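Enquirer: Here's a structure for you.
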């Protein structure tokens, strides 16, 4: 599912390139959006090629529309495959969401109803992506602002069933859990307790924006601020159960100077270190 | 009968792009909030696409101002939503849209400046190639000019206009101050990326026609004839020197498409 190290990584932004190349900070891995590397050449590939030689890499897709009702866009899948072939990333992930209807790309991670019908369609899409890429992917839980009257599955059961049927792993976005739970007035702890944690190959942490609707809190998955305290607490709750996992700090809007992001990654790493399990020495492992 | 997810996708598509009613079947803890919550999705889509256009067309934004740009971009997005998730090149149709957008008619150069900005993005993401070396050129220069041709660099783009697009573009770069043009005249921009930096070069007379002919596979001789027909002042030796200096070519072809056809 993933060969990323159980360490903290960051979402790579071009404006941090110089800082990373000059300082070579200790980062578990870098993550990039596949769609930003679909040109033939130029500076974007030059930067990523150099970074890829130094760090493990996660490629994160935002455009396959795996949760969409229509057939997968094979042209786009071929572009994703080209990025994966070019960089041989340690992990590839996508979202339980949709963004393309007919041939219009709506550039957001839109929600889908959780029914028997959508389940089989998402599984078909995951199967197809995995077959085309020749690798297992990680599927990310969404942040949602609305629910569907027609849904018959809890999101955690829906994700668990996709993983069971397709063999894919899951990407647990803890900020998304908190955003959705706040918006739907449910318990994020209960969501995590029901989440198929044995399938999780990566964690995402990011910031959200806080708004109000009718005087009540409403959270938007904005990725433009530090990780919020309740999200750190939920993250630690997960890691206490699973042990260290590859953990990404993502910051996509109003991107700060590199040290700010580095500090967030160091925070994530300190949580991972607190929950390291005693390991057998290498030699004993080899004999076992 | 389409299923619920298909209906939702179709209605969301319409609601996001043209303000159609919120799709049915949605709910929230407080169902009276559905419309306002749905508006968050709509806003995310529109704002992010306006941002994609603003990133690609910063000079257009500066020329028309923020409010006008927002309104123009929103009208464009509703009529031309992205057809692919690769947003780095979203907006190839934006220059043409500006040309036919009545509120922008007072700025006749706008569409061509937008074409220049679009060309820069394509050059940025184009395939990498080593620019033609002078040694390689010297080896063929002694030959009959009908037997070889220049291979343009994969990043090269030509944007010709009857407006002074390059002067307008330059004086609207960050830190520059726009002012009146002393002698406004049509300009052709050559957009190149010999290494990693995109450069924009003002073409001398005939150079645009010359490189376009080269791109079509013409021999040096035929391309020079096309350039002379376009501009009698065209100087082939000077053009070659400038092509080398600016990294506009990537190689030599010894089998130009007009060989034999014309002789």
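Chains as they are written, first to last, in UniProt numbering: chain A, 1 to 288; chain B, 1 to 263.
Note that CB positions come from ideal geometry on N, CA and C, so glycine has one too.
Quick caveat, the model's predicted, so the values are computed rather than measured.
1) For the candidate residues A:197, A:196 and A:186, whose alpha-carbon lies nearest to that of residue 218 of chain A?
2) Given that a residue counts as buried once 16 or more other Cβ atoms are within 10 Å of its Cβ, and exposed if not, what is residue 288 of chain A?
3) Helix, strand or coil: which one does DSSP assign to residue 57 of chain B?
4) Just to confirm, is the Cβ distance from residue 156 of chain A to residue 188 of chain A under 8 angstroms?
5) Which term fits residue 254 of chain B, buried or exposed, when burial requires 16 or more other beta carbons within 10 angstroms of its beta carbon?
6) Could you give the C-beta distance for residue 93 of chain A and residue 3 of chain A, rounded to a whole number, given that I count them as a contact under 8 angstroms?
7) Taking the straight line between their C-alpha atoms, what separation do you get for residue 239 of chain A and residue 32 of chain A?
8) With 8 angstroms set as the bound, which would you pick, yes or no: does the beta-carbon of residue 173 of chain A sit closer than that to a beta-carbon of chain B?
9) So, using beta-carbon positions, are residue 228 of chain A and residue 253 of chain A closer together than 8 angstroms?
10) Can you tell me whether residue 118 of chain A is helix, strand or coil according to DSSP?
11) Short check: CB of residue 90 of chain B to CB of residue 43 of chain A, under 8 angstroms?
12) Can you grab the Cα-Cα spacing for the pair residue 122 of chain B / residue 128 of chain B, in whole Å?
13) Return the CA-CA distance between residue 262 of chain B and residue 219 of chain B, expressed in angstroms with no decimal places.
14) Going by beta carbon distance, what residues of the same chain come within less than 7 angstroms of residue 153 of chain B, once the five residues before and after it are set aside?
15) Which residue comes first and which comes last in the alpha helix (DSSP H) that contains residue 198 of chain B?
16) So that I know if they touch, is there some Cβ in chain B lying closer than 8 angstroms to that of residue 21 of chain A?
17) From the DSSP output, in three-state form, read off residue 18 of chain A for me.
18) Please state the DSSP three-state secondary structure of residue 62 of chain A.
19) Can you pull the chain B residues whose beta carbon is under 7 angstroms from the beta carbon of residue 220 of chain A, in chain order?
20) Taking only the alpha-carbon atoms, compute the straight-line gap between residue 285 of chain A and residue 272 of chain A and give it to the nearest angstrom.
21) When you compare each of B:256, B:41, B:52 and B:111 to residue 98 of chain B by their alpha carbons, which one comes out closest?
22) Using a beta-carbon distance cut-off of less than 7 angstroms, what residues from the region 177-193 of chain A approach chain B?
23) Which of helix, strand or coil does DSSP assign to residue 144 of chain B?
24) Is it buried or exposed, residue 169 of chain B, if we count other Cβ atoms within 10 angstroms and call 16 or more buried?
25) Would residue 255 of chain B count as contacting chain A if we go by Cβ distances under 8 angstroms?
26) Please look up how many angstroms separate the CB atoms of residue 88 of chain B and residue 39 of chain A, rounded, as I've assumed it's under 8 angstroms.
27) Answer with yes or no whether the minimum CB distance from residue 161 of chain B to chain A is below 8 angstroms.
28) Taking 8 angstroms as the threshold (beta carbon to beta carbon), is residue 140 of chain B in contact with chain A?
29) Using 8 angstroms as the limit for Cβ to Cβ distance, is residue 165 of chain A near chain B?
30) Suppose you measure from the CA of residue 180 of chain B to the CA of residue 171 of chain B; what does that come to, to the nearest Å?
31) Going by other Cβ atoms of all chains shown within 10 Å of its Cβ, with 16 needed for buried, is residue 44 of chain B buried or exposed?
32) Run through the DSSP bridge pairs and tell me what residue 152 of chain B is partnered with.
33) Can you tell me the Cα-Cα spacing of residue 11 of chain B and residue 4 of chain B, whole angstroms?
34) Rounded to the nearest angstrom, what separates residue 95 of chain A and residue 122 of chain A at their Cα positions?
35) Taking residue 299 of chain A as the query, report the chain B residues whose CB atoms sit under 8 angstroms from its CB, ordered along the chain.
36) Step through the CB atoms of chain E and report whether any lies within less than 8 angstroms of the CB of residue 251 of chain A.
Expert: So, to answer that:
1) As a position in the first chain, residue 218 of chain A is number 218, starting the count at 1. Of the listed residues, the one whose Cα sits closest to residue 218 of chain A is A:186.
2) In the first chain, counting from the first residue as 1, residue 288 of chain A sits at position 288. Because the pLDDT of residue 288 of chain A is 40, which lies under 50, any placement of that residue in the model is unreliable, and the number read from its coordinates should be weighed accordingly. Exposed, by the Cβ-count rule.
3) As a working note, residue 57 of chain B is residue 57 in the second chain. In the structure shown, the three-state DSSP call for residue 57 of chain B is coil.
4) In the first chain, the residue the question calls residue 156 of chain A occupies position 156. In the first chain, the residue the question calls residue 188 of chain A occupies position 188. No, the pair does not count as a contact, with Cβ atoms beyond the cut-off.
5) Position 254 of the second chain holds residue 254 of chain B. That one is exposed.
6) For this step, residue 93 of chain A is matched to residue 93 along the first chain. For this step, residue 3 of chain A is matched to residue 3 along the first chain. About 13 angstroms separates the two Cβ atoms, so there is no contact after all.
7) Against the first chain, residue 239 of chain A aligns to sequence position 239. Against the first chain, residue 32 of chain A aligns to sequence position 32. Their Cα atoms are separated by approximately 24 angstroms.
8) Sequence index remark: in the first chain, residue 173 of chain A carries index 173 (1-based). No - not a single Cβ of chain B is within 8 angstroms of the one on residue 173 of chain A.
9) Here residue 228 of chain A refers to the residue found at position 228 when the first chain is read from its first residue. Here residue 253 of chain A refers to the residue found at position 253 when the first chain is read from its first residue. Against a cut-off of 8 angstroms, the Cβ pair of residue 253 of chain A and residue 228 of chain A comes out as no contact.
10) Residue 118 of chain A sits at position 118 when you count from the first residue of the first chain. Secondary structure at residue 118 of chain A: helix, using DSSP grouped into helix, strand and coil.
11) Start at 1 with the first residue of the second chain, and residue 90 of chain B comes out as number 90. Start at 1 with the first residue of the first chain, and residue 43 of chain A comes out as number 43. Between residue 90 of chain B and residue 43 of chain A, the C-beta spacing is not below 8 angstroms.
12) Numbered from 1 along the second chain, position 122 holds the residue referred to as residue 122 of chain B. Numbered from 1 along the second chain, position 128 holds the residue referred to as residue 128 of chain B. Going from the Cα of residue 122 of chain B to the Cα of residue 128 of chain B covers about 12 angstroms.
13) Position 262 of the second chain, counted from the first residue, corresponds to residue 262 of chain B. Position 219 of the second chain, counted from the first residue, corresponds to residue 219 of chain B. Legend: pLDDT at residue 262 of chain B = 46, less than 50; position of this residue unreliable, value from coordinates given subsequently. Rounded to the nearest angstrom, the gap between the Cα atoms of residue 262 of chain B and residue 219 of chain B is 11 angstroms.
14) Numbered from its first residue, the second chain carries residue 153 of chain B at position 153. Closer than 7 angstroms at Cβ, skipping near neighbours: 129, 131, 192, 194, 247, 248, 249 and 250.
15) Sequence index remark: in the second chain, residue 198 of chain B carries index 198 (1-based). Counting along the chain, no alpha helix (DSSP H) covers residue 198 of chain B, and no H or E run does either.
16) Working through the first chain from its first residue, we reach residue 21 of chain A at position 21. Closer than 8 angstroms: no.
17) The sequence position of residue 18 of chain A within the first chain is 18, counting from 1. Note: residue 18 of chain A maps to helix in three-state DSSP.
18) Your numbering for residue 62 of chain A matches position 62 in the first chain. Coil, per DSSP.
19) By 1-based counting over the first chain, the position of residue 220 of chain A is 220. Under the 7 angstroms cutoff, chain B gives 40.
20) Within the first chain, residue 285 of chain A is the residue found at index 285, counting from 1. Within the first chain, residue 272 of chain A is the residue found at index 272, counting from 1. Confidence at residue 285 of chain A is low in this model, with a pLDDT of 48, below 50, so its placement is unreliable and the value that follows should be read with caution. Cα to Cα, residue 285 of chain A sits roughly 22 angstroms from residue 272 of chain A.
21) Position 98 of the second chain, counted from the first residue, corresponds to residue 98 of chain B. Measuring from the Cα of residue 98 of chain B, the nearest candidate turns out to be B:111.
22) Look at the region 177-193 of chain A: the residues with a C-beta under 7 angstroms from a C-beta of chain B are 184 and 185.
23) Translated into positions along the second chain, residue 144 of chain B becomes position 144. Three-state DSSP puts residue 144 of chain B in coil, outside helix and strand.
24) Numbered from 1 along the second chain, position 169 holds the residue referred to as residue 169 of chain B. In the assembly as shown, residue 169 of chain B is a buried residue. Its beta-carbon has 16 or more other beta-carbons within 10 Å.
25) Stepping through the second chain from its first residue, residue 255 of chain B is reached at position 255. No, residue 255 of chain B lies away from the interface with chain A (no Cβ there is under 8 angstroms from its Cβ).
26) Taking the second chain and counting its residues from 1, the one referred to as residue 88 of chain B is at position 88. Taking the first chain and counting its residues from 1, the one referred to as residue 39 of chain A is at position 39. Indeed they touch by this definition, with Cβ atoms about 7 angstroms apart.
27) Residue 161 of chain B sits at position 161 when you count from the first residue of the second chain. Cβ-Cβ to chain A under 8 angstroms: no for residue 161 of chain B.
28) The residue labelled residue 140 of chain B in the question sits at position 140 within the second chain. Chain A contact via Cβ: absent.
29) Your numbering for residue 165 of chain A matches position 165 in the first chain. At a cut-off of 8 angstroms between C-beta atoms, residue 165 of chain A does not count as an interface residue with respect to chain B.
30) Along the second chain, read from residue 1 onward, the residue named residue 180 of chain B stands at position 180. Along the second chain, read from residue 1 onward, the residue named residue 171 of chain B stands at position 171. Cα-Cα distance, rounded: 10 angstroms.
31) Position 44 of the second chain, counting from 1, holds the residue named residue 44 of chain B. Buried, since its Cβ has 16 or more Cβ neighbours within 10 Å.
32) Numbered from 1 along the second chain, position 152 holds the residue referred to as residue 152 of chain B. According to the DSSP secondary-structure assignment, residue 152 of chain B is paired through a beta bridge with B:249.
33) Working through the second chain from its first residue, we reach residue 11 of chain B at position 11. Working through the second chain from its first residue, we reach residue 4 of chain B at position 4. Going by C-alpha positions, residue 11 of chain B is about 10 angstroms away from residue 4 of chain B.
34) Numbered from its first residue, the first chain carries residue 95 of chain A at position 95. Numbered from its first residue, the first chain carries residue 122 of chain A at position 122. Approximately 11 angstroms, taken between the alpha carbons.
35) There is no way to answer for residue 299 of chain A, as the model of chain A reaches only from 1 to 288.
36) Within the model displayed, chain E is absent; protein chains A and B are what it includes.
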